[in-house]
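Here the sequence shown is numbered in full-length UniProt numbering, starting from 1 and rising by one per residue. Where a beta carbon is used, it is the ideal one built from N, C-alpha and C, also for glycine. In this text, all values refer to a predicted model and were calculated from it rather than measured experimentally. Read the structure below first, then the notes.
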Amino acid sequence: MGKKIKKGKEGPVKEYVSRTKALKKLQVNLKDFRRLCILKGIYPREPPQKLRKQHKTYYHNKDIAFLKNESILDTFRQRQAHLKKIRKALTRGDKLKAGRLRRNQPKDKLDHLVKERYPTFIDALNDLDDPLCLVSLFASFPTHKELHIPNTLIKSCQKLIHQFLLYVAAHNCLRKVFLSIKGIYYQAVVQGATITWIMPYPIQASLPLDVDYKIMMTFLEFYQVLMKFVNFKLLGQEIEITDFREEVLKLKSLAQNNQIEIDEAFKEDPTIQQMDQQQQETKKYSELFKGLTFFLFPEVPKTSLEFVILSFGGEVMWENDNKNSQLTDPKITHVITERTVQKNKKREYIQPQWVYDSINQLKLLSVADYAPESTLPPHLSPFEQLNLEEVQSESEEEDGQQKEHKPYQNNKKQKEKQAKQQEKETKKLAETMLSRKNKRLYDMIKRKEDEEKQKKNKLQEKKKMIESRQQ
């Protein structure tokens, strides 16, 4: 007879710890524990059905053991001791000492966490979607005393987002833009990593009080450190942006001067060939608005259009800017406005949607459809693989059917189309609802399936070739 194993000593029970036990192990309160988990990137886990209890959250035992040796725990304890000193000073009536202690509170150093969570620079770029979204959101916030959102925090967020946009515009990294109800979606390819983020419209929003801003601020604290690290790596120095256009032109001239000429002996190397292909792709995007100068009226989104046009090789002007440019300037080729204006025959008058649609289709579209008086065509999402021609053909077919007055003629075909569209929409919704980890796994499975299909097609082609030779 072997030793009787006690309950909760071995098996899957020992792998998981409840939150209350984790707090006792680490000797911290719930507020500090949440903050620590957010900074370290540790999340609750779903245990097996046997362990599950109502209203209880579980963590991996390894994760809690990993948190035990964290240096931030020492700063939490130092802060608690510091708060006790402040309370003592206030009870004694020594306000000067209390003020001095508040100014000299111990602060968290999060530089080591960035190195720990992102061992390589590409890992940091791949995980930059959420930081960019949150930093751009806080950059658009107004100052709020009750919610503890100071003006210094908003300015630092604005600085970080402008520095990143400066690199994207100067190196022609932008690929897709989409205007939605939520905000403006951007997609850029930075050193091989595709980054998608959303920026809110430049309208001062009223902050709802039912949102927990403290949790958002803890995420922001880490994301600011990450963004500083990424911006410094990309730009090589900390740039204070006074004029966005001038800084973009400076960086572009520096990039052109630092180009290296490759000898013909090394041109056959596969890595250098890949670099050449990347340069040719960026040339397409950099020369889309080459030789065009746009004048912006005050009602259009200036910051977005400036960033987009400069990143695709164009020039921007507006009234009362740093160059004191005016509408009478002979350089101006396109005027972006949403109202009726006195027209000049030498210029094209367009609405802002023309810029975004031409970027997504990577060609200069016809100006007649985007005139200030005319009704605009549908602004389709570039993230979905839908062509404008297909949409136009479908709309033309529908119009023809209405003219013929035959509603029951192609009833079965319409039902089949609707069923297919519903299936596609449900699939897309399911993909959007996936978590980041599951999405990566799903993408991996898709890639493997595509590779297998390609292999099968190649084998079939070989088979056909062999059969044709034998004949």
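Would you list the residues sitting across from residue i in a DSSP beta bridge?
i	result
Gln-187	Lys-176, Thr-196
His-60	Tyr-16
Glu-348	His-334
Leu-296	Trp-318, Ile-336
His-144	Ile-149
Arg-100	DSSP, once it has assigned bridges, lists no residue as partnering Arg-100.
Arg-45	Tyr-58
Between which two residues does the alpha helix (DSSP H) carrying residue i extend?
i	result
Glu-116	111-117
Lys-214	213-235
Val-28	Here Val-28 belongs to no alpha helix (DSSP H), and DSSP marks it neither H nor E.
His-82	72-92
Leu-207	No alpha helix (DSSP H) holds Leu-207; DSSP gives it neither H nor E.
Tyr-201	Premise fails: Tyr-201 is in no alpha helix (DSSP H) and is neither H nor E.
Glu-287	No alpha helix (DSSP H) holds Glu-287; DSSP gives it neither H nor E.
Tyr-356	353-361
Please return the same chain residues whose Cβ sits closer than 6 Å to the Cβ of residue i, not counting the five positions on each side in sequence.
i	result
Gln-341	Just to set this straight, residue 341 is Val in the shown sequence, not Gln. So no residue of the chain qualifies.
Trp-318	Leu-296
Ser-252	Correcting the residue type first, residue 252 is Lys in the shown sequence and not Ser. Closer than 6 Å at the Cβ level, and outside the excluded window around Lys-252, lie Ala-170.
Tyr-213	Leu-147
Thr-333	Leu-292, Thr-293
Val-248	Ala-169, Ala-170, Leu-310
Leu-459	none
Ile-42	Asp-63
Could you name the residues of the same chain whose beta carbon sits closer than 8 Å to that of residue i, not counting the 5 residues immediately before and after it, in chain order?
i	result
Leu-305	Phe-294, Leu-296, Val-316, Ile-336, Pro-352, Val-355
Thr-432	none
Leu-373	Reading the sequence as shown, one finds Glu at residue 373 and not Leu. The answer, listed in chain order, is Thr-340.
Tyr-167	Cys-173, Val-190, Asn-231, Leu-234, Leu-235, Leu-251
Ile-38	Ile-215, Thr-218, Phe-219, Phe-222
What is the rounded straight-line gap between the Cα of residue i and the Cα of residue j?
i	j	result
Leu-30	Tyr-186	37 Å
Leu-362	Lys-290	13 Å
Asn-172	Thr-20	51 Å
Tyr-370	Glu-287	21 Å
Lys-453	Ser-156	49 Å
Leu-434	Asp-129	16 Å
Ile-184	Lys-446	28 Å
Lys-284	Met-199	25 Å
residue 511	Lys-176	Past the edges of the chain, shown from 1 to 471, lies residue 511, and the structure says nothing about it.
Asn-320	Lys-331	17 Å
Leu-388	Ile-203	Any answer about Leu-388 is weak, because its pLDDT of 48 lies below 50 and its placement is not dependable; what the coordinates show is given next. Spanning the two alpha carbons is a distance of roughly 31 Å.
Find the nearest neighbour of residue i within the set the options, judged by alpha-carbon distance.
i	options	result
Leu-137	Tyr-370, Ser-381, Met-216	Met-216
Ala-368	Leu-380, Ser-381, Pro-382, Arg-347	Arg-347
Leu-207	Ala-419, His-148, Lys-415	His-148
Val-135	Glu-461, Phe-164, Lys-252, Gln-326	Phe-164
Thr-218	Lys-464, Val-17, Arg-103, Arg-35	Arg-35
Asp-108	Lys-95, Arg-79, His-379	Arg-79
Val-17	Ala-65, Val-114, Thr-375	Ala-65
Lys-159	Arg-245, Ile-239, Leu-220	Ile-239
Lys-25	Arg-436, Asp-63, Thr-143	Asp-63
Leu-327	Tyr-349, Thr-426, Ala-419	Tyr-349
Pro-382	Asn-61, Thr-242, Ile-359	Ile-359
Can you give me the start and stop residues for the beta strand (DSSP E) that residue i sits inside?
i	result
Ile-336	334-336
Val-300	Per DSSP, Val-300 belongs to no beta strand (DSSP E) and is neither H nor E.
Cutting at 7 Å between CB atoms, please list the residues of its own chain near residue i, excluding the five before and the five after it.
i	result
Pro-131	Tyr-223, Leu-226, Met-227
Arg-92	none
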